[in-house]
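Asker: Protein chains in written order, with full-length UniProt numbering: chain A, 1 to 194; chain B, 1 to 562.
The beta carbon of each residue, even a glycine, is placed where N, CA and C say it ideally should be.
Take this structure, written in structure tokens, and hold onto it; I'll ask about it next.
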């Protein structure tokens with residue numbers, strides 16, 4: 001094999017390695033990045049679009065991602081990707097400002113600063129939610145899950161069950177408040193005990 | 001937190017907020033850190049609830065109202081898988097654009113994913129979710145295999161998902177799930193497409209197709225070869241592809257030979273019909289592969305034996321059980337200088353099975369609950385290093401034992417694997433205390449008998465690795481105040497020993513390999529912690545070994561194909 005071909009192959013191999021590394025990181029953390037994006041948008045609408053644009057941008061810029069130490073690569077990748085995601089949220093919102101409710105840029109910035117801290121605890125938070133759900137009465141648990149099931153809403157449930165929207169809503173909100181407090185307590189109550 | 005703000009937050013999340021209230025909410029978010037925090041936690045909660053709701057069938061949300069509630073459309077909704085798609089598609093697309101033609105092997109990363117409950121199922125309540133893994137074939141055996149640099153490497157027994165396989169040297173035998181077997185000589189480049197189809201970009205191979213696999217397709221430059229039974233050879237390289245039927249019949253599809261049938265002894269060049277087809281010579285048969293493998297395995301075993309003898313003389317050893325050397329009777333010999341006093345004894349239905357060097361070596365299988373190897377190691381130690389070679393078939397119990405001090409008294413070690421694939425190592429600090437703490441893994445407050453800390457690693461094992469050999473090590477170093485754990489010579493976790501969990505007097509006493517003895521229990525029941533797997537070497541050192549030494553133990557002990 002001549003040198004040129006060898007050089008081309010090496011470059012290709014390097015690129016493949018880099019790509020594998022990237023896909024690995026993205027696959028591991030895309031749920032965290034997605035959650036971050038969701039936090040900055042008023043609803044779930046647009047999350048897929050922004051996530052996609054963020055992923056593409058991350059790959060384009062991946063050469064510039066140089067973690068200080070391999071051990072920190074995970075944390076740094078999430079932070080790095082979230083910086084990109086933040087700008088993608090802003091530009092996505094800018095394009096759609098006229099037709100729907102969107103957060104002001106100043107609100108997005110303040111939320112973003114804080115959300116980055118939440119992202120790190122996503123897994124623990126999810127486990128805490130499951131545990132807290134288990135502590136609810138069966139009917140309460142079903143109710144609060146029904147409201148959040150895909151395609152469901154309080155208004156729809158009310159229509160289907162004949163209950164007053166307001167009454168149902170306050171019941172759901174009371175449950176959500178209880179869950180919020182329960183989750184917070186659990187996370188705060190953790191000691192570094194493994 | 002002001003309840004009206006909280007209400008605003010939920011109406012915003014539910015999408016029912018009015019423009020005026022939305023402004024109020026934004027003002028509050030901007031002004032107050034507390035509101036921001038509350039908002040973010042509420043969004044997170046609702047997202048988690050949506051994921052959980054989408055994950056499980058929710059029935060009769062308001063059963064007491066007796067009204068028909070429509071079941072959420074959870075049937076086709078698998079949040080994790082569903083949501084990954086757009087990103088993966090995007091990345092795949094980018095790749096095509098930027099590095100066109102380069103194979104991408106996202107699919108080669110295994111993950112065990114829960115399948116959705118049976119679609120349309122009328123069952124109510126909790127439906128246990130079934131685990132599924134992606135794969136089309138296994139790497140059954142290999143000899144002298146050198147994977148190409150920068151490509152994914154596989155080990156014997158691995159389940160192979162779709163995607164590229166590239167190796168520069170050696171011979172590998174692949175079993176496709178449909179029943180077809182390929183013996184491939186390197187350099188080779190293959191693309192596994194499904195249980196029934198593989199694309200050959202480069203390489204020489206022999207395909208064996210039993211009746212159950214009839215219709216298996218090997219796609220080569222110039223034509224697809226459809227095997228109608230039983231065996232053919234293929235050589236792809238230098239811009240040419242040649243096929244020769246060794247026994248049976250194949251059909252060529254596509255290209256200029258479309259529809260052509262080849263029978264026993266017939267050959268065809270697929271790409272250049274002008275060139276006379278030549279016989280494909282010197283291809284490995286299964287018999288040859290086996291012979292070469294046996295030879296290589298025997299050599300590997302004899303190398304390891306030399307190393308094991310050398311290791312047995314290490315004065316830092318507390319005990320050393322090289323079980324892979326065939327043993328006699330019910331004794332597991334302690335090969336270290338510390339003598340027969342520390343021999344192990346087989347108790348119960350321990351099966352002697354082939355060890356990691358194949359049939360010429362031995363391993364102990366602890367598959368059944370009563371199976372154990374008991375030993376007694378008296379004395380006090382300043383540090384521990386545990387090292388073993390283990391083949392895990394499944395992690396069927398909550399805790400699966402490697403080496404456990406009986407009972408679990410002061411200074412005694414517990415070395416085990418949790419059912420989620422995490423290694424656990426712990427030493428009892430004060431067995432007189434009862435300690436309550438919130439367990440992150442259990443997500444509840446647990447009461448521990450005795451003060452101790454369990455040092456967990458991230459999961460290193462899942463069911464795709466069933467049947468594979470692993471080299472595991474745990475180092476407990478009170479003086480250096482660290483606990484380090486290793487898998488296959490690589491450190492996967494390192495923890496500091498906090499003051500309250502510090503103890504410098506270590507003991508082992510009566511202990512078990514592959515199970516947990518609880519002779520002091522007050523009930524007839526015992527915890528089931530036998531290892532569903534095989535151990536064929538275990539060493540205990542009284543000093544902390546460093547990362548280089550652990551890596552070297554791994555390298556010296558690696559079985560063939562690692």
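1. For the segment 4-27 of chain B, enumerate the residues whose C-beta is nearer than 8 Å to any C-beta of chain A, in chain order.
2. By alpha-carbon positions, which one of A:95, A:66, A:135 ends up nearest to residue 203 of chain A?
3. Using 7 Å as the threshold, is the C-beta distance between residue 200 of chain B and residue 213 of chain B below it?
4. Taking the C-alpha atoms as reference points, what is the distance between residue 46 of chain A and residue 164 of chain B?
5. Can you list the alpha helix (DSSP H) stretches of 4 or more residues lying completely in the segment 29-56 of chain A, in chain order?
6. Looking at chain A, is there any beta carbon in it that lies within less than 7 Å of the beta carbon of residue 45 of chain B?
7. Counting only Cβ-Cβ distances shorter than 8 Å, please list the residues of the segment 30-54 of chain B near chain A, keeping chain order.
8. Give the interface partners of residue 255 of chain B over in chain A, defined as CB-CB distance under 9 Å, in chain order.
9. Considering only residues of the same chain and omitting the five flanking positions on each side of residue 543 of chain B, which have a CB-CB separation below 8 Å?
10. Can you give the beta carbon distance from residue 484 of chain B to residue 500 of chain B, rounded, assuming they're within the 8 Å contact cut?
11. Please confirm whether residue 110 of chain A has its beta-carbon closer than 7 Å to some beta-carbon of chain B.
12. Would you report the Cα separation of residue 546 of chain B and residue 480 of chain B, rounded to the nearest angstrom?
13. In chain order, which continuous runs of the beta strand (DSSP E) of length 3 or greater are located wholly inside the segment 459-497 of chain B?
14. Here's a check: name, in chain order, each residue in its chain whose Cβ is nearer than 6 Å to the Cβ of residue 134 of chain B, leaving out the five neighbours to either side.
15. Could you tell me which residues DSSP pairs with residue 267 of chain B in its beta bridges?
16. Between which two residues does the alpha helix (DSSP H) carrying residue 82 of chain A extend?
17. Three-state secondary structure (DSSP) at residue 177 of chain A?
18. Excluding five sequence neighbours on each side, which residues of the same chain lie with their C-beta closer than 7 Å to the C-beta of residue 222 of chain B?
19. What whole-angstrom Cβ distance do residue 389 of chain B and residue 561 of chain B have, given they're in contact under 8 Å?
20. In chain order, what residues of the same chain have a beta carbon less than 8 Å from the beta carbon of residue 129 of chain A, not counting five sequence neighbours either side?
21. Quick one: does residue 150 of chain B have its CB under 7 Å from some CB of chain A?
22. So, residue 159 of chain B versus residue 293 of chain B, is the Cβ gap smaller than 7 Å?
23. Tell me the start and end of each unbroken beta strand (DSSP E) in the segment 306-365 of chain B that is at least 3 residues and wholly inside, in chain order.
24. For residue 175 of chain A, which option in A:72, A:159, A:145 has the closest C-alpha, if you only look at C-alpha atoms?
25. Is residue 138 of chain B closer than 7 Å to residue 565 of chain B when the C-beta atoms are compared?
26. For chain A, find out if any of its Cβ atoms is closer than 7 Å to the Cβ of residue 125 of chain B; answer yes or no.
27. Counting only Cβ pairs nearer than 7 Å, list the residues of chain B close to residue 103 of chain A.
28. Work out the CA separation of residue 393 of chain B and residue 358 of chain B for me, nearest whole Å.
29. Which residues share a DSSP beta bridge with residue 415 of chain B?
30. Residue 145 of chain A versus chain B: which residues are under 7 Å apart at the beta carbon?
31. Give me, in chain order, the residues of the same chain whose beta-carbon lies closer than 6 Å to that of residue 536 of chain B; leave out the 5 immediate sequence neighbours on both sides.
32. According to DSSP, residue 209 of chain B sits in a beta bridge with which residue or residues?
33. Please report how far the alpha carbon of residue 92 of chain B lies from the alpha carbon of residue 237 of chain B, in whole angstroms.
34. Cβ closer than 8 Å: which chain B residues qualify as neighbours of residue 118 of chain A?
35. Output the boundary residues of the beta strand (DSSP E) element that contains residue 174 of chain B.
36. Do we get a CB-CB distance below 7 Å when we pair residue 5 of chain A with the residues of chain B?
Answerer: Quick answer:
1. Against chain A - using a Cβ distance shorter than 8 Å - the residues of the segment 4-27 of chain B are 6, 7, 10, 12, 13, 14, 15, 16, 17, 19, 22, 26.
2. Here chain A covers residues 1 to 194 and nothing more, so residue 203 of chain A does not appear.
3. Here residue 200 of chain B corresponds to residue number 200 of the second chain, with the count starting at 1. Here residue 213 of chain B corresponds to residue number 213 of the second chain, with the count starting at 1. Not a contact, by the Cβ cut-off of 7 Å.
4. Residue numbering aside, residue 46 of chain A sits at position 46 when the first chain is read from its first letter. Residue numbering aside, residue 164 of chain B sits at position 164 when the second chain is read from its first letter. Distance between the alpha carbons of residue 46 of chain A and residue 164 of chain B: 35 Å.
5. Under the rule that a run must span 4 or more residues, no alpha helix (DSSP H) segment is found entirely inside the segment 29-56 of chain A.
6. Numbered from 1 along the second chain, position 45 holds the residue referred to as residue 45 of chain B. Chain A contact via Cβ: present.
7. Cβ contacts with chain A come from 30, 33, 36, 37, 38, 39, 40, 41, 42, 43, 44, 45, 46, 47, 48, 49, 50, 51, 52, 53, 54.
8. In the second chain, the residue the question calls residue 255 of chain B occupies position 255. Neighbours of residue 255 of chain B on chain A: none; closest Cβ ~27 Å, over 9 Å.
9. Against the second chain, residue 543 of chain B aligns to sequence position 543. The answer, listed in chain order, is 316, 382, 383, 385.
10. Taking the first residue of the second chain as position 1, residue 484 of chain B is located at position 484. Taking the first residue of the second chain as position 1, residue 500 of chain B is located at position 500. Actually they are not in contact, since the Cβ atoms of residue 484 of chain B and residue 500 of chain B sit about 20 Å apart, beyond 8 Å.
11. Mapped onto the first chain, residue 110 of chain A falls at position 110. Yes, contact with chain B.
12. In the second chain, counting from the first residue as 1, residue 546 of chain B sits at position 546. In the second chain, counting from the first residue as 1, residue 480 of chain B sits at position 480. Whole-angstrom Cα-Cα distance: 11 Å.
13. Counting only runs of at least 3 residues, the segment 459-497 of chain B fully encloses the following beta strand (DSSP E) elements, listed from N- to C-terminal order: 469-477, 482-487, 490-496.
14. Here residue 134 of chain B corresponds to residue number 134 of the second chain, with the count starting at 1. Excluding sequence neighbours, residue 134 of chain B sits near 161.
15. Counted from its first residue, the second chain places residue 267 of chain B at position 267. Its beta-bridge partners are B:244.
16. Stepping through the first chain from its first residue, residue 82 of chain A is reached at position 82. 73-96 is the extent of the alpha helix (DSSP H) around residue 82 of chain A.
17. As a position in the first chain, residue 177 of chain A is number 177, starting the count at 1. When DSSP states are grouped into helix, strand and coil, residue 177 of chain A belongs to the helix group.
18. For the purposes of this step, residue 222 of chain B is taken as the residue at position 222 of the second chain. Non-local C-beta neighbours of residue 222 of chain B in its own chain, meaning closer than 7 Å and more than five positions away in sequence, comprise 241, 255, 270, 271, ordered along the chain.
19. For the purposes of this step, residue 389 of chain B is identified with residue 389 of the second chain, where counting begins at 1. For the purposes of this step, residue 561 of chain B is identified with residue 561 of the second chain, where counting begins at 1. With a beta-carbon spacing of about 14 Å, residue 389 of chain B and residue 561 of chain B fall beyond the 8 Å limit used to define contacts.
20. Counted from its first residue, the first chain places residue 129 of chain A at position 129. Spatial neighbours of residue 129 of chain A in its own chain (CB-CB distance under 8 Å, excluding positions within 5 residues in sequence) are listed in chain order as 179, 183.
21. Locating residue 150 of chain B in the second chain gives position 150, counting from the first residue. Yes, residue 150 of chain B counts as interfacial toward chain A.
22. Residue numbering aside, residue 159 of chain B sits at position 159 when the second chain is read from its first letter. Residue numbering aside, residue 293 of chain B sits at position 293 when the second chain is read from its first letter. Not closer than 7 Å, so no.
23. Runs found: 317-321, 344-347, 351-355, 358-365.
24. As a first step, residue 175 of chain A is located in the first chain; it is residue number 175 there, counting from the start. If we check each option's Cα against that of residue 175 of chain A, A:145 comes out closest.
25. For residue 565 of chain B there is no data in the structure shown, the boundaries of chain B being 1 and 562.
26. As a first step, residue 125 of chain B must be located in the second chain, where it is residue number 125. Here the model assigns residue 125 of chain B a pLDDT of 37, short of 50, so the residue's position is not dependable, and the following value carries that caveat. No, because no Cβ of chain A sits closer than 7 Å to the Cβ of residue 125 of chain B.
27. Looking up residue 103 of chain A in the first chain gives position 103. Result: 26.
28. Position 358 of the second chain, counted from the start, is the residue given in the question as residue 358 of chain B. Position 393 of the second chain, counted from the start, is the residue given in the question as residue 393 of chain B. Linking residue 358 of chain B to residue 393 of chain B through their CA atoms gives a straight-line distance of about 16 Å.
29. The residue labelled residue 415 of chain B in the question sits at position 415 within the second chain. In the DSSP output, where bridge partners are listed per residue, residue 415 of chain B has B:403, B:425.
30. Reading the first chain from its first residue, position 145 is the one you call residue 145 of chain A. Result: 49, 52, 53, 58.
31. Counting from 1 along the second chain, the entry for residue 536 of chain B is found at position 536. Within the same chain, Cβ atoms closer than 6 Å to the Cβ of residue 536 of chain B are found at 323, 324, 355, 356, 363, 389, the five residues on either side in sequence being excluded.
32. Here residue 209 of chain B corresponds to residue number 209 of the second chain, with the count starting at 1. Beta-bridge pairing links residue 209 of chain B to B:230.
33. Here the question's residue 92 of chain B lines up with position 92 in the second chain. Here the question's residue 237 of chain B lines up with position 237 in the second chain. Its pLDDT being 47, under 50, residue 92 of chain B is placed unreliably in this model, and the value from its coordinates should be taken loosely. Each residue's alpha carbon lies about 28 Å from the other.
34. Within the first chain, residue 118 of chain A is the residue found at index 118, counting from 1. Neighbours of residue 118 of chain A on chain B, chain order: 40, 41, 44.
35. Here residue 174 of chain B refers to the residue found at position 174 of the second chain. Segment 163-176, the beta strand (DSSP E) holding residue 174 of chain B.
36. In the first chain, residue 5 of chain A corresponds to position 5, counting from 1. False, the Cβ-Cβ gap to chain B never drops below 7 Å.
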